Structures are given as C-alpha cells and as structure tokens.
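Colleague: Input: one structure, supplied below.
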Amino acid sequence: MTRLSSQATLNPLEQQCAVPARHHAPVCRAQKLVALRFRRTDPIAASKFFIDFGLTLVSQSENHALLRGASDQTACIILERGPAAYVGFSLAVASEDDLTRLAKTHNTPIVESDHGRGGKRVVLHDPDGVEVEALWNYARLPEFPLPPTPLENRVKLTPRVNTTVRIALDQPCTINKLGHTVLGVRRIAESIVWYQQNFGLIVSDFQLMENDPLPVVAFMRCDLGDLPADHHTLAVASAVETGHMHTAFEVNGLDSVAAGGEFLRRHKYRHTWGIGRHILGSQLFDYWRDPLGDMFEHYSDGDVFDSSVPAGYHPIHPESMHQWGPPLNADMAGKHPSLKLIRTIASRLRSNDDLSFKRLVNLIRSA
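If you number the sequence shown the way our numbering does, the last residue is 1798 and the count never jumps.
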C-alpha cells in the first residue's frame, strides 16, 4: 500500500488537528537546509567534535570555524566566537526575487553574506527568536567523493566473492550532507504557520495526543514540486526547553552509522540513543552530544517525498519514534531533572503559551 492510498480514509487525528499541513501561497519556497550557526568561546577547540563527527574543516580563525560534509555546497556548521549559544540556521532560496519578497514582507534589508561564503541573505527571526537566514547565490564548494561502500551479500544475491569487509574504526565516518534540524517551540501552531507562510514548508507528518487539537511534533519538508525532498528539513516540537533539540547529518549506510558511533565512543563522547530505525522518516539513526550538550545525529536511508504526498497524522507515545532499537531513554526524551529544568517549567507555566499544566502532564506521559 502506498502512502497516498493509506491516507484515503480520514484519520480521526486529522479531524482534530487545528493546524494546516501546508500554505498554498507562501512568500517563497526554500530549497534546502544549508547551515547551522552556533557561538562557542573557542571556535577552533569546538570544531574538534564536528571533525570527529565526520565533517571537514573549510576555514578557521580565532573568531570562527566553518565545516562541511562531502556534498554540502557551502559550510554547514558555522562556529562564531562568543558565549556558548545556538543562534539559528540557514535555508537556501531559489532566486533574488525570493530575497526581495522576504525583505519586503518583513521590512528588513538584503545584505551580503558573511564569512566569505558569497551571495546575499535576509536575516529573519522566527516566533521564538531563532535566527533564520535566507541565503541565495552563495559560492558553491566542489563535492568530494565518499569512501566506497562495500558490496553487500544478501540471500540469493552474493556480489562480494573472495573479498572480505573490514570497516575502518580508527577514523571518523564521512558525512555526506547536513540533513535536518529540530526545534523546541513555545507555540507550535504559530511556528508551523510561520515556516509555511515564509518558506513554503510542507508538513510530512504530525504527531498528536488524543483529544488535543495542537500537534506535539510537525515534521516539515521543502516543497520542490515533482522533485523528491527529504522527509523533513525542519521539525518543530512542543517542548519544555525551547531552541535547538538536535541536528542530523546523512552518512552512507548502516556501516557508516555504526563505525562513526564506534569512533566517537572510543574518543569518550557522550552517547544518547541508538542505533535504531525511526518510524516517521524511516532513518537508521544514532544520537550523540557534543561537549556542551548539544545533540547531533548520524542517519542513513531516510524517506524522500515529492509535493504530492499528503500529511500523515499519528499518535505520539514512547514507542512512536522507532521501529526497532533500544528503548527511548530519559536523555533523548529530555527528562533529566535539574534546577534549570524546574525553573524553566515554572516560568513556562506562568506564561501565555502552549504549556499549560494539563498539557505538561500529558506530554510527560506521552514521552
């Protein structure tokens, strides 16, 4: 059964969902996710984690470090000197007209790009204050080859004869590209609509709690028309702590996911969750944290959809994130108790956003 035919009968969760799956006249349509931006007190030292994770250094100075994957056309990680913080991310747009419309809509200027990337940009801020850079005409970096993938013998198909498989574990895996990023948000309906209206993102899948019209998670992809796009470029989630939740990088196959994790383990980085296979998006996944606690994912074999595929509507529960793999743990679910977390909850419960006491309790139960 195809995804389209499985959606033919109206899902009760679709009936209860108060948020549209797409906007039919957005300001522009983003083409892909191209970069994440962080501040670090020592960008050169901070770049070590990303190199060990599988990225390649593009340039560095005492004030910045830029890194990329093999197929990334511009730097996908930008580390800038400053107090440690997540700043935001960059979306590529198709034309200068897209920048002009965004600039006019938000009454903000078109400016030159920074860090020698070339091109022009418009810098916006989403409803939670995350910096969202629309980038056009940046200088394209040449691709470099991925390591060869060993032939795989399967039942009744054995192309690898008289040859063994030996995976290098004494070096990082090679990242192909930046894949997606996930944000915790205060008002999920407002955030979804903002990204739909400004960048034309399409919801691939919603996750909802029973009898709650607000989604808990929305996985959104770029609208490339007939061309397939990754299942999600951006996901937004109702979360106690807002901001960057994790960012994912594509590697070439399960061996690369496993070998990359083994290298990180040998170098004493903190493992969070995996290896497993997701349900929504289907990726083979493995999650790690950098020395400051930001979470990053190696993944392979993700779904791609063109614009014809409608949104899916799914219940959220502890087993809804993966088909197989280790159980969802407290680190991945964001349930490690701390004084900071208690203060955040107290502040959020007093604010005018999605996190009522009842919704908080239901979110904890769902996770």
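Just so you know, even glycine gets a beta-carbon here, dropped at the ideal spot from N, CA and C.
Just so it is clear, the structure is predicted and the values come from calculations on it, not from any experiment.
By the DSSP assignment, the alpha helix (DSSP H) with R1468 in it spans what residues?
Modeller: Here R1468 belongs to no alpha helix (DSSP H); instead the beta strand (DSSP E) covers 1463-1471.
Colleague: Give the range of the alpha helix (DSSP H) segment to which L1808 is assigned.
Modeller: Outside the displayed range of the chain (1432 to 1798) lies residue 1808, so it cannot be described from this structure.
Colleague: Identify the residues that DSSP records as bridge partners of T1487: which are they?
Modeller: T1487 is bridged to R1499.
Colleague: What do you reckon, is the C-beta of S1739 under 8 Å from a heavy atom of the ligand GDP?
Modeller: Because no ligand of any kind appears in the structure shown, any question about the ligand GDP cannot be addressed here.
Colleague: Would you tell me roughly how many angstroms separate the C-alpha atoms of R1512 and A1496, rounded to the nearest one?
Modeller: Using only the alpha carbons, I get a separation of about 9 Å.
Colleague: DSSP puts M1726 in a beta bridge; with which residues?
Modeller: Answer is R1720.
Colleague: If you draw a straight line from the C-alpha of Q1602 to the C-alpha of S1687, how long is it?
Modeller: Going from the Cα of Q1602 to the Cα of S1687 covers about 11 Å.
Colleague: Is there contact between the segment 1725-1737 and the segment 1647-1661, where contact requires at least three CB pairs shorter than 8 Å?
Modeller: With a cut-off of 8 Å, the segment 1647-1661 and the segment 1725-1737 count as touching, because enough Cβ pairs lie within range.
Colleague: Tell me D1636's beta-bridge partners as DSSP assigns them.
Modeller: Looking at the DSSP assignment, D1636 forms a beta bridge with F1650, G1743.
Colleague: Does D1661 come out as helix, strand or coil in the three-state DSSP assignment?
Modeller: Of the three classes helix, strand and coil, the one that applies to D1661 here is strand, per DSSP.
Colleague: Just curious, the beta strand (DSSP E) that I1509 is in, first and last residue?
Modeller: Here the beta strand (DSSP E) through I1509 covers 1508-1512.
Colleague: So for T1678, helix, strand or coil by DSSP?
Modeller: Correct three-state label for T1678: strand.
Colleague: Note down, in chain order, each residue of its chain lying with its Cβ closer than 7 Å to the Cβ of A1515, except the 5 sequence neighbours on either side.
Modeller: Taken in chain order, the residues that qualify are R1470, R1471, T1472, L1723.
Colleague: Can you tell me whether E1564 is buried or exposed, with buried defined as 16 or more other CB within 10 angstroms of its CB?
Modeller: Looking at its Cβ environment, which holds 16 or more other Cβ atoms inside 10 Å, E1564 is buried.
Colleague: What does DSSP give as the partner residues of Y1517 in its beta bridges?
Modeller: In DSSP, Y1517 forms a bridge with F1469.
Colleague: Applying the 10 Å Cβ sphere with the 16-neighbour rule, what's the burial state of L1588?
Modeller: With fewer than 16 Cβ atoms within 10 Å of its Cβ, L1588 is classed as exposed.
Colleague: In this structure, how does DSSP classify T1775 when only helix, strand and coil are distinguished?
Modeller: Three-state result, T1775: helix.
Colleague: Counting C-beta neighbours from all protein chains within 10 Å, is the total for T1580 16 or more, i.e. buried, or is it exposed?
Modeller: Classification of T1580: exposed, given that the 10 Å Cβ count is below 16.
Colleague: Going by Cα to Cα distance, which pick from S1787, S1751, V1667 is closest to V1561?
Modeller: Per the Cα distances, V1667.
Colleague: Per the DSSP calculation, H1753 is bridged to which residue(s)?
Modeller: Its beta-bridge partners are H1709.
Colleague: Tell me, to the nearest whole angstrom, how far the beta carbon of T1605 is from that of V1682; I am working on the premise that it is less than 8 Å.
Modeller: Confirmed, Cβ separation roughly 7 Å.
Colleague: Within a Cβ cutoff of 6 Å, which residues of the same chain sit near R1460, ignoring the five residues on either side of it in sequence?
Modeller: So the qualifying residues of the chain are G1631, D1654.
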